[in-house]
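One line per chain: the protein sequences are A and B, in this order.
Counting from 1, position 13 in the first sequence corresponds to residue 13 in our numbering; the numbering is continuous, with no gaps.
Remember, our numbering sits 1000 above the position in the second sequence when you count from 1.
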Amino acid sequence: AQSVAQPEDQVNVAEGNPLTVKCTYSVSGNPYLFWYVQYPNRGLQFLLKYITGDNLVKGSYGFEAEFNKSQTSFHLKKPSALVSDSALYFCAVSYGGATNKLIFGTGTLLAVQP
Amino acid sequence: AAGVIQSPRHLIKEKRETATLKCYPIPRHDTVYWYQQGPGQDPQFLISFYEKMQSDKGSIPDRFSAQQFSDYHSELNMSSLELGDSALYFCASSFYTDTQYFGPGTRLTVL
């Protein structure tokens, strides 16, 4: 069965330090991988995606993610965290095509301390 | 840029009542998805439509139905509401199977 795991419920980082939010997936075939961010009482905002090609994907607000097929991981990274990055981050996977539904991880709360 | 519009933003209903949630996709997007996010939970896929036809179905209760209209907007109809239906309901739209963009959500509270 398809699944996405975000092993950390919460990640704490000081402002200005690099951040990593982890995601691993367990799916067959060639999945599409996504990161979305959710601010309190707001919808999900698209950050970036990996479909094919370069394993390092750059997205919005300075975020990037690296697709690692051998480790089945798609970790989200940012070189220098901002307090305004504090939010709930969801990793998601889909297969595209007719079954394009997103399967989400359980989310990781990122807390950036000033 | 235009975003996905959902209405209403908040809805309070009594048990056993009926609710209708509306979703207006980004212009030129032909695919609509509905997700349900319970408190402290990740979003769960309910149903999707492509070109006004149902394209996929997830864990949507039989009490719920949905459709996509000729102008591509979609409505999620929920009947015999239960306390457990209280959640945030998101609509997302895409151009075919491209990236899904989410609306702000409708927060449904069932009393």
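Quick reminder that beta carbons are idealized off the backbone N, C-alpha and C, glycines included.
A quick note: this is a predicted structure, and the numbers were derived from the prediction, not measured.
Chain A contact for residue i (CB, 8 Å cutoff)
i, result
"P1104 (chain B)", "yes"
"D1062 (chain B)", "no"
"D1056 (chain B)", "yes"
"F1049 (chain B)", "no"
"F1090 (chain B)", "yes"
"Q1036 (chain B)", "no"
"Y1033 (chain B)", "yes"
In DSSP terms, what residue i is bridged to
i, result
"F67 (chain A)", "A:F74"
"S3 (chain A)", "A:S26"
"T1106 (chain B)", "B:Y1089"
"Y1101 (chain B)", "B:S1093"
"A81 (chain A)", "Paired residues: none, contrary to the question."
"S1007 (chain B)", "B:K1022"
"Y39 (chain A)", "Y39 (chain A) is not bridged to any residue."
"N55 (chain A)", "N55 (chain A) is not bridged to any residue."
"T108 (chain A)", "A:Y89"
"A1002 (chain B)", "A1002 (chain B) pairs with nothing; no bridge assigned."
Closer than 7 Å at the beta carbon, the chain B residues around residue i
i, result
"G105 (chain A)", "D1042"
"G43 (chain A)", "F1090, F1102, G1103, P1104, G1105"
"F74 (chain A)", "The premise fails here: F74 (chain A) is roughly 15 Å from chain B at the closest Cβ pair, so nothing lies under 7 Å."
Within-8 Å CB hit, residue i to chain B
i, result
"N100 (chain A)", "yes"
Proximal residues of chain A, C-beta to C-beta of residue i below 8 Å
i, result
"T1099 (chain B)", "F34, F46, K49"
Listed by chain order, chain B residues near residue i by CB distance under 8 Å
i, result
"F90 (chain A)", "D1042, P1043"
Proximity test, residue i beta-carbon vs the ligand GDP heavy atom, cut-off 7 Å
i, result
"P1039 (chain B)", "The ligand GDP is not among the ligands present in this structure, which contains no ligands whatsoever."
Practice item. Enumerate, from N- to C-terminal direction, the unbroken alpha helix (DSSP H) stretches of 4 or more residues contained entirely within the stretch 1010 to 1075 of chain B. Key: Those alpha helix (DSSP H) runs which fall completely within the stretch 1010 to 1075 of chain B and span 4+ residues do not exist here.
Exercise for review: Answer yes if the stretch 75 to 92 of chain A comes into contact with the stretch 34 to 45 of chain A, meaning at least three C-beta pairs across the two stretches below 8 Å, and no otherwise.
Suggested key: yes
**Study point:** Touch test, the stretch 1023 to 1040 of chain B against the stretch 58 to 72 of chain A, Cβ-Cβ under 8 Å, three pairs minimum
**Key:** no
Point to revise | Contact the stretch 1093 to 1108 of chain B vs the stretch 42 to 58 of chain A: 3+ CB pairs below 8 Å | key: At 8 Å Cβ cutoff, the stretches touch.
Review point. Any contact of the stretch 70 to 77 of chain A with the stretch 1011 to 1018 of chain B, i.e. 3+ C-beta pairs under 8 Å?
Key: The stretch 70 to 77 of chain A vs the stretch 1011 to 1018 of chain B: no contact.
Check your understanding: Should the stretch 1044 to 1061 of chain B be called in touch with the stretch 1005 to 1014 of chain B, which here means at least 3 C-beta pairs below 8 Å?
Key -> Verdict: no, contact absent.
Check your understanding: Is it true that the stretch 23 to 33 of chain A meets the stretch 50 to 60 of chain A, where meeting means three or more beta-carbon pairs spaced less than 8 Å apart?
Key -> Taking 8 Å as the limit for Cβ pairs, the verdict is that the stretch 50 to 60 of chain A does touch the stretch 23 to 33 of chain A.
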